[in-house]
Amino acid sequence: MATTLKRELQDIVQYRNAYFLAFSATMGFVRFGWEIDLIGSVLALPSFQEYFGLSSESASARASLSANIASVLQGGGFFGALFSSYFASRFGRKPVLLASGVIYLIASIIQSTAGIGTSPAVGLKVLYFSRFFGGVGVGLTSALVPTYVSECAPRAIRGRCTGSIEVAVQLGNMLAFWVNYSVSLNISPGQMQWRLPIIAQIVPGALLLFFMPFQPESPRWLVERGRYEEAAAALAYIARKDRDDDAVVLTLSKIRADFIGKHRLPLLTQFRKMGESKIIFLRCIIPSLATFFQQWSGTNAINCYAPEIFAGLGFSSTSSTLFATGVYGVVNFVVSWVTLAFVIESWGRKRSLIYGGLAQGLMMLWIGGYAGAHPNHGIVPGTYVSIVATYLFGVFFCIGWGFTPVVLGSEVVPGHLRTAAMSLATATTWLFTYVIAQITPIMLNRITYGTYLVFGVASFIMAAWVYIFIPETTGYPLEDIKYLFEKDIIVRSLEDAPGGRIFVGKRRAVSMEELKAVDAPPTNSPKDTEELRLEEAFAQGHSLRNSNSQKREDPLII
Numbered sequence: 000m001a002t003t004l005k006r007e008l009q010d011i012v013q014y015r016n017a018y019f020l021a022f023s024a025t026m027g028f029v030r031f032g033w034e035i036d037l038i039g040s041v042l043a044l045p046s047f048q049e050y051f052g053l054s055s056e057s058a059s060a061r062a063s064l065s066a067n068i069a070s071v072l073q074g075g076g077f078f079g080a081l082f083s084s085y086f087a088s089r090f091g092r093k094p095v096l097l098a099s100g101v102i103y104l105i106a107s108i109i110q111s112t113a114g115i116g117t118s119p120a121v122g123l124k125v126l127y128f129s130r131f132f133g134g135v136g137v138g139l140t141s142a143l144v145p146t147y148v149s150e151c152a153p154r155a156i157r158g159r160c161t162g163s164i165e166v167a168v169q170l171g172n173m174l175a176f177w178v179n180y181s182v183s184l185n186i187s188p189g190q191m192q193w194r195l196p197i198i199a200q201i202v203p204g205a206l207l208l209f210f211m212p213f214q215p216e217s218p219r220w221l222v223e224r225g226r227y228e229e230a231a232a233a234l235a236y237i238a239r240k241d242r243d244d245d246a247v248v249l250t251l252s253k254i255r256a257d258f259i260g261k262h263r264l265p266l267l268t269q270f271r272k273m274g275e276s277k278i279i280f281l282r283c284i285i286p287s288l289a290t291f292f293q294q295w296s297g298t299n300a301i302n303c304y305a306p307e308i309f310a311g312l313g314f315s316s317t318s319s320t321l322f323a324t325g326v327y328g329v330v331n332f333v334v335s336w337v338t339l340a341f342v343i344e345s346w347g348r349k350r351s352l353i354y355g356g357l358a359q360g361l362m363m364l365w366i367g368g369y370a371g372a373h374p375n376h377g378i379v380p381g382t383y384v385s386i387v388a389t390y391l392f393g394v395f396f397c398i399g400w401g402f403t404p405v406v407l408g409s410e411v412v413p414g415h416l417r418t419a420a421m422s423l424a425t426a427t428t429w430l431f432t433y434v435i436a437q438i439t440p441i442m443l444n445r446i447t448y449g450t451y452l453v454f455g456v457a458s459f460i461m462a463a464w465v466y467i468f469i470p471e472t473t474g475y476p477l478e479d480i481k482y483l484f485e486k487d488i489i490v491r492s493l494e495d496a497p498g499g500r501i502f503v504g505k506r507r508a509v510s511m512e513e514l515k516a517v518d519a520p521p522t523n524s525p526k527d528t529e530e531l532r533l534e535e536a537f538a539q540g541h542s543l544r545n546s547n548s549q550k551r552e553d554p555l556i557i
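Using numbering that gives the first Met the number 0, you'd call the opening residue of the sequence shown number 0 and step up by one each time.
Structure below.
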C-alpha cells in the first residue's frame, strides 16, 4: 500500500503539468455541471415562479414551461457542439476554448439580469435567449475539452485526466445544488433569491479564462498543421522533459507518422472519411452511441428535476427537497473523486461501464417499484430505502457511465477524425439531454413510476452493449488502439469482459503484436513515402539512450 501511494505521489510530481492542464481545461465542465443543474433548483423556488408568473399556471402548463426553460440550454449546446469541429480544426483547440468562455460569461450576465426593467413576459424571453446563447458556449466546451485533454494527457494518466471531466461536472452540480439551498434558507423571497445562483455561476467561467492562457495547444493539432517545433515544445511541457529527450522525439515521430497523408483534412472530408470502411465507421460511431446510452441512464433527469423527484419520494417542503438534492450532489462528487483515483485505471473502461450499468439499472428498478407501490407520496420505511437507492444510483453512475464514455470515446476515434467525431458525439449528448429534459416532467406526470423503469431497462441494455461489442482500451497509446478493432472484435471484446471467455470457448482474437507486425504503412504518393522515410530516420537517429532507466517499458508519452 505504501509503495503504491509513493508511486502515485511520484506520478503526480512527474506529471504535474499535465494535471494542471486537465484542471484548467475542465473548469469549462465545472460551469457545464453548474449550468445544467442550476435551473432545476431555481425553478423550484417560489420566488422564481412568482416573478415569471409560473405559480398561476396549471400543473401541466407549469411542467411544460419548466421543461422549456431547462431544455433551451441543450438547444444551444447542440449547435455549439456541432460547429465546434469546424472552429477547432481551423483555429485550434485552445483559442476556441477561450472563445467559449467569453460567450458563457456574456450569457451569464444577460441571464442574471433577465427581467430587470421589463415585464415578466419579456424577461422570460430574455431568459430563453441567454440560456440558449450560454448553451452555445457550453456546447463548444463540452465537445472540445475531451478532445483537448485526451490529445495532451500522458497515456499513463490519460484515464484520470480525461476522467477529471466528470469530477468537474459533479463539482459544478454540487455547487449549484448548495448555492440554491443556501439562498432558499438565507435570502428572503424576492428577485435576488433566484438571481444570486445565476450570478455565482460566472466564477468557473472566469477561472477558465484565467488558467487556459498558460496551457499549450494540442500537440496533435500542431503536428497536423506542420508546426513540429511547437508540438515538441508542447510534449516537453506536458511530460516535463527536454525537447530533445528520446521520449519526446519518439512520441513526436509516431504522431507525425500517424498523420501521413491526413494533414489539414477539411471538415466535410472528415465526416465523409468516417464511412470509408466498416472499422473506421465503428470507431467513429462508438462515442455517439456511448453518449446516447449515457443520457438514457436517467442521470440528467435526476440532475435537472431532483427537487421534484425527491418530492415524489416523500419530501414535502422546498428546503427539504433542495437539501436532499444537495446531499445527492455531494455523494456524486465524492464518488467521482474516488473513482478517478482508484477505479478508472485499475478496473479499466470496460469493467467500469459494465458494473456501473448493471448496478445503476437495479437502483432505477427499485425506485420505480417503490413509486408504483406507494403512489400517495407518504413517508413509509421504504421511502428511506428509495432515497438511499437514489444516492446509490449516483454512486454507480459515477463509477461507470459518468465519465468513462468520454474517456472511451476520445480514445477509440482515429486521430485525424477525432475533432469531427467528438463534436458529433457531443451534439448527440446535447440532443438527448434536450430530449430527456423535455420528456422527463411529462413522463413523471403521465406514467409516473414507469419513468424509472424505462431508465433501468436502458441501463441493462447499455451494459450488454459494452460487454459484447467494446474491447478494453486502457493502457494503449492512442495511435495503437486502431489494432483493437482490426479483427475479431466481438471475440476480443468477450475476452476482455468479466467471464467472457466462457462464451468464446477456444477461440482467440489475433494479438495486437501480430496485427502490428503485418501492418504496412500507407504509400499513397511519393510525398507520403518520403515523409515516412524521414520519420523512420528521425526515430532511428535517436536511440533510447536511457532505456534501462525508464520507469515504463514503452517510452511513448501520449
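Ideal Cβ placement from N, Cα and C applies to all residues, glycine included.
Spatial neighbours of Tyr451 in its chain, beta-carbon cut-off 6 Å, leaving aside the 5 residues before and after: The sequence position of residue 451 within the sequence shown is 452, counting from 1. If we look at Tyr451 and ignore the five residues flanking it on each side, its Cβ neighbours are Met363, Ile366 and Gly367.
Of the residues Arg154, Ala358, Pro374 and Tyr103, the one placed nearest Ile446, counting alpha carbons only: One-based indexing of the sequence shown puts residue 446 at position 447. In terms of Cα proximity to Ile446, the closest of Arg154, Ala358, Pro374 and Tyr103 is Pro374.
Trp177 beta carbon less than 8 Å from that of Gly74: Against the sequence shown, residue 74 aligns to sequence position 75. Against the sequence shown, residue 177 aligns to sequence position 178. Going by C-beta atoms, Gly74 is not nearer than 8 Å to Trp177.
Cutoff 8 Å; reference Ile186; Cβ partners in own chain excluding five residues on either side: Working through the sequence shown from its first residue, we reach residue 186 at position 187. Taken in chain order, the residues that qualify are Gln192 and Leu195.
Candidates Ser88, Ala419 and Ala120, of which the one nearest Gly274 by Cα: Indexing the sequence shown from 1 puts residue 274 at position 275. Nearest of Ser88, Ala419 and Ala120 to Gly274, Cα basis: Ala419.
Own chain residues within Cβ distance below 6 Å of Ile109, not counting five before or after: By 1-based counting over the sequence shown, the position of residue 109 is 110. Ser129, listed in sequence order.
Whole-angstrom distance between Val503 and Arg282, CA atom to CA atom: Working through the sequence shown from its first residue, we reach residue 282 at position 283. Working through the sequence shown from its first residue, we reach residue 503 at position 504. Going by the C-alpha atoms only, they are around 23 Å apart.
Cut-off 7 Å between Cβ atoms - residues of its own chain near Asn594, not counting five sequence neighbours on either side: Given a span of 0 to 557 for the chain in the structure shown, any question on residue 594 remains unanswerable.
Nearest-angstrom beta carbon gap, Leu97 and Met211 [assumed within contact, 8 Å]: On the sequence shown, residue 211 is found 212 positions in, with the first residue counted as 1. On the sequence shown, residue 97 is found 98 positions in, with the first residue counted as 1. Yes, Met211 and Leu97 are in contact; Cβ-Cβ is about 6 Å, under 8 Å.
Pair within 8 Å by beta-carbon distance, Tyr433 and Ser107: Looking up residue 433 in the sequence shown gives position 434. Looking up residue 107 in the sequence shown gives position 108. Contact: no.
Exposed unless 16 or more other CB atoms sit within 10 angstroms - verdict on Asp243: By one-based count along the sequence shown, residue 243 stands at place 244. It is exposed - the Cβ of Asp243 has fewer than 16 other Cβ atoms within 10 Å.
CA-to-CA distance, Glu512 to Tyr475, given in whole angstroms: Stepping through the sequence shown from its first residue, residue 475 is reached at position 476. Stepping through the sequence shown from its first residue, residue 512 is reached at position 513. Roughly 12 Å between the two C-alpha positions.
Alpha-carbon to alpha-carbon, Pro218 and Asp527: Within the sequence shown, residue 527 is the residue found at index 528, counting from 1. Within the sequence shown, residue 218 is the residue found at index 219, counting from 1. Caution is warranted here: a pLDDT of 48 is assigned to Asp527, below 50, making its placement in the model unreliable, and no coordinate value can be reported.
Close Cβ partners of Phe131 (< 8 Å) along its chain, the five nearest in sequence each way excluded: Counting from one through the sequence shown, the residue named residue 131 turns up at place 132. Once the five neighbours on either side are set aside, the close Cβ partners of Phe131 are Val71, Leu72, Gly74 and Gly75.
Residue burial classification, Asp36 (beta-carbon count within 10 angstroms, cutoff 16): On the sequence shown, residue 36 is found 37 positions in, with the first residue counted as 1. Buried: at least 16 other Cβ atoms inside 10 Å.
Distance, Ser492 Cα to Phe468 Cα: Along the sequence shown, one-based indexing puts residue 468 at 469. Along the sequence shown, one-based indexing puts residue 492 at 493. Roughly 6 Å separates the two Cα atoms.
Sub-8 Å separation of Leu139 and Ala205 beta-carbons: By 1-based counting over the sequence shown, the position of residue 139 is 140. By 1-based counting over the sequence shown, the position of residue 205 is 206. Not a contact, by the Cβ cut-off of 8 Å.
Spatially closest choice to Ser99 from Asn331, Ile441 and Val137, by CA coordinates: Indexing the sequence shown from 1 puts residue 99 at position 100. Measuring from the Cα of Ser99, the nearest candidate turns out to be Val137.
Nearest-angstrom Cα separation, counted from Pro188 out to Met461: Here residue 461 refers to the residue found at position 462 when the sequence shown is read from its first residue. Here residue 188 refers to the residue found at position 189 when the sequence shown is read from its first residue. Taking the straight line joining both Cα atoms gives about 43 Å.
For Thr528, three-class secondary structure by DSSP: As a position in the sequence shown, residue 528 is number 529, starting the count at 1. The predicted model places Thr528 with a pLDDT of 49, which falls under 50 and marks its position as unreliable; any figure quoted below should be read in that light. DSSP places Thr528 in helix when its eight states are reduced to three.
Buried/exposed call for Leu477, threshold 16 Cβ in 10 Å: Along the sequence shown, one-based indexing puts residue 477 at 478. So Leu477 ends up on the buried side.
Which listed residue (Ala66, Gly162 and Gly52) has its alpha carbon closest to that of Ala120: If you number the sequence shown from 1, residue 120 lands on position 121. Looking at the Cα atoms, Gly52 is the closest of the given residues.
Counted within 10 angstroms of its Cβ, other Cβ atoms place Gln169 as buried (16 or more) or exposed: Locating residue 169 in the sequence shown gives position 170, counting from the first residue. That one is buried.
CB of Ser287 within 8 Å of CB of Ala424, strictly: The count along the sequence shown starts at 1 and reaches residue 287 at position 288. The count along the sequence shown starts at 1 and reaches residue 424 at position 425. Against a cut-off of 8 Å, the Cβ pair of Ala424 and Ser287 comes out as a contact.
Cβ shell of Leu266 (< 7 Å), same chain only, five flanking positions each side left out: Working through the sequence shown from its first residue, we reach residue 266 at position 267. Only Ser84, Tyr85, Ser88 and Ala419 meet the Cβ criterion.
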